[in-house]
Structures are given as structure tokens and as C-alpha cells.
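J.: Residue numbers (the numbering used here): 4 to 118.
Idealized CB from N, CA, C, for every residue including glycine.
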Amino acid sequence: QVQLVESGGGLVQPGGSLRLSCAASGSIFRANVMGWFRQAPGKQRELIATITSGASTNYRDSVKGRFTISRDNAKNTVYLQMNSLKPEDTAVYYCNLVPATQDYWGQGTQVTVSS
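Here it is as C-alpha cells:
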């Protein structure tokens, strides 16, 4: 059974940084596009960054230039480096295939940006 487990969230001050990790059981994402999603309170979940098996990346405008997605296929892990964090980045962050597969949603990891 495939599982995606997110980690690395926490409380950080505006302007700070965090690095999120998403570990996958199995090798589902080696040939797939992977993405980071987030869901803020009262809002819909949104896709913020994607990375192909060939490491091509794409970002939502709101995070472009501040966030970096990467992957390590040998470790079945995808990362999200988040810099210059803003209060509006506060959300639960998830990883999944792109397009998202309902059965693969994990618990997510909470990121709170606050002074």
C-alpha cells in the first residue's frame, strides 16, 4: 500500500525558512510528476509546486522565487524548501502525485508563519 508521509512543518517567524519532506513507500513517484499542495483554513486545497521525473519544476505565482521543490528518487522523497515565509503561507502542506490521487493523501504537515 502506498503512503505519502509529510514532515518538517512547524512555527516560524515571517521571513524565516522551513524544509518539508515527503517520503513515499514504494516507487510510485519515480516516473510520475509529484507536487506539493497546501490548504489554508477556510480555503480550498491548492497546488503550489510540481516536479517531473526529469526534475523540471513549476510554481504557483504566490510562491515563485521563494519556494524550491526537489526530489531524490533513490530515497523516494520529495522536498519543499520554503524561504522568506509570509503569514499567508500558513496552511497544512501535503504532497501527492499530479494530478492528485485521492487515495494517496496523507496527514499533511502544519506550517504556521507568525510573529
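Put Ala52 into one of helix, strand or coil per three-state DSSP.
T.: Walking along the sequence shown from the start, residue 52 turns up at place 49. Residue state, collapsed to three classes: strand.
J.: Is the separation between the beta-carbon of Trp39 and that of Ala58 shorter than 7 Å?
T.: In the sequence shown, residue 39 corresponds to position 36, counting from 1. In the sequence shown, residue 58 corresponds to position 55, counting from 1. It is not a contact, given that the beta carbons lie outside the stated cut-off.
J.: So, for Ala27: in the same chain, excluding its five sequence neighbours on each side, which residues have a beta-carbon less than 6 Å away from its beta-carbon?
T.: By one-based count along the sequence shown, residue 27 stands at place 24. Non-local beta-carbon contacts of Ala27 in its own chain, meaning distances under 6 Å to residues more than five positions away in sequence, involve Leu7 and Asn79 in chain order.
J.: What span of residues does the beta strand (DSSP E) with Arg74 cover, start to end?
T.: What you label residue 74 is simply residue 71 of the sequence shown in a count that begins at 1. Its beta strand (DSSP E) spans residues Phe70 to Asp75.
J.: When DSSP builds the beta bridges, which residues end up paired with Asn61?
T.: What you label residue 61 is simply residue 58 of the sequence shown in a count that begins at 1. In the DSSP output, where bridge partners are listed per residue, Asn61 has Thr53.
J.: Report the three-state DSSP secondary structure of Gln84 (helix, strand or coil).
T.: The residue labelled residue 84 in the question sits at position 81 within the sequence shown. Of the three classes helix, strand and coil, the one that applies to Gln84 here is strand, per DSSP.
J.: By how many angstroms is the C-alpha of Gln105 removed from the C-alpha of Ile54?
T.: For the purposes of this step, residue 54 is taken as the residue at position 51 of the sequence shown. For the purposes of this step, residue 105 is taken as the residue at position 102 of the sequence shown. Taking the straight line from one Cα to the other gives about 19 Å.
J.: List the whole-angstrom C-beta distance separating Val161 from Val101, where the pair is believed to meet the contact cut-off of C-beta under 8 Å.
T.: No information on residue 161 is available, as it lies outside the stretch 4 to 118 that the chain covers here.
J.: Kindly give me the distance between the Cβ atoms of Leu88 and Gly11, rounded to whole angstroms, as I take these residues to be in contact under 8 Å.
T.: Taking the sequence shown and counting its residues from 1, the one referred to as residue 88 is at position 85. Taking the sequence shown and counting its residues from 1, the one referred to as residue 11 is at position 8. Rounded, the Cβ-Cβ distance is 13 Å, inconsistent with contact.
J.: Assuming Tyr96 contacts Arg22 (C-beta within less than 8 Å), just tell me the rounded distance between them.
T.: Position 93 of the sequence shown, counted from the first residue, corresponds to residue 96. Position 19 of the sequence shown, counted from the first residue, corresponds to residue 22. Actually they are not in contact, since the Cβ atoms of Tyr96 and Arg22 sit about 11 Å apart, beyond 8 Å.
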